[in-house]
Amino acid sequence: MNSARDFVISFGSLGKGEYEFQFDVNDSFFQRFENSIIQKGQVDVLVVLEKKENLLLLDFTMEGTVTVQCDRCLEDLDLDIESFNELIVKLGEETGEEAEDVIVISTREHELDVAQYIYEYISVLIPMRNVHEDEEGNPDCDPEVLKVLEKHIAPEEKEENPPADPRWDALKGINLN
25 MNSARDFVIS FGSLGKGEYE FQFDVNDSFF QRFENSIIQK GQVDVLVVLE KKENLLLLDF
85 TMEGTVTVQC DRCLEDLDLD IESFNELIVK LGEETGEEAE DVIVISTREH ELDVAQYIYE
145 YISVLIPMRN VHEDEEGNPD CDPEVLKVLE KHIAPEEKEE NPPADPRWDA LKGINLN
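Residue numbers for the sequence shown follow our numbering, so the first one is 25 and each next one is one higher.
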């Protein structure tokens, strides 16, 4: 089980140079985040921190599997993920975010909690549409669930040529050239 301190990097006592930190992201990690679309997961995260005078460069390398809900059948769907992200941490007087991948923390800080960044980097990898599909793109959900869904899907009413609105007919004769 991951505790809140498991994802804190103490950089205050480190000298200039490169350091590696290994994090194990599992089910309890995702349960810490409210309304997470990720239900379960096992992701190995390697953070390479390069400490400079007033700057920290963090490289996040992530690889593993996360479980989300299939949009079609609502069963668990495992997604393989692999990612590389960079975060620049500037040490300054005012704390805040300068850009998407640049943050500023106080010079009095000596620790950085990377849990939120890891969660966000993993969440961005989740596709907008999550469905069980085979290699050819055909539905690969539970056949019984698909049969039930077919019964409850309303047939689409398609009109080949919808009737024209007579109010627009007068405008068709206008020549703008």
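For each residue, glycine too, the CB sits at the ideal point set by N, CA and C.
Of the other Cβ atoms in all chains shown, fewer than 16 fall within 10 Å of the Cβ of methionine 152; this residue is therefore exposed. CA-to-CA, the gap between asparagine 109 and tryptophan 192 works out to about 54 angstroms. Less than 8 angstroms divides the Cβ of leucine 80 from the Cβ of valine 113. Listed in chain order, the non-local C-beta contacts of cysteine 94 below 7 angstroms within the same chain comprise Leu101, Asn154, Val155, His156 and Cys165, local neighbours out to five positions each way being set aside.
8 angstroms or more divides the Cβ of serine 130 from the Cβ of glutamate 122. Excluding the 5 residues flanking it on each side, cysteine 97 has same chain C-beta neighbours closer than 6 angstroms at Cys165, Asp166 and Val169, in chain order. The three-state reading of DSSP puts leucine 149 in coil, since its state is none of H, G, I, E or B. Under the criterion of beta carbons closer than 8 angstroms, phenylalanine 53 and glutamine 63 do not qualify as touching, at roughly 12 angstroms. By the beta-carbon neighbour count (other beta carbons within 10 angstroms, threshold 16), glycine 161 is exposed. Secondary structure note for alanine 123: its beta strand (DSSP E) is the uninterrupted segment 120 to 123. Here valine 49 carries a strand assignment [DSSP, helix/strand/coil].
The Cβ atoms of isoleucine 150 and isoleucine 61 lie closer than 8 angstroms to each other.
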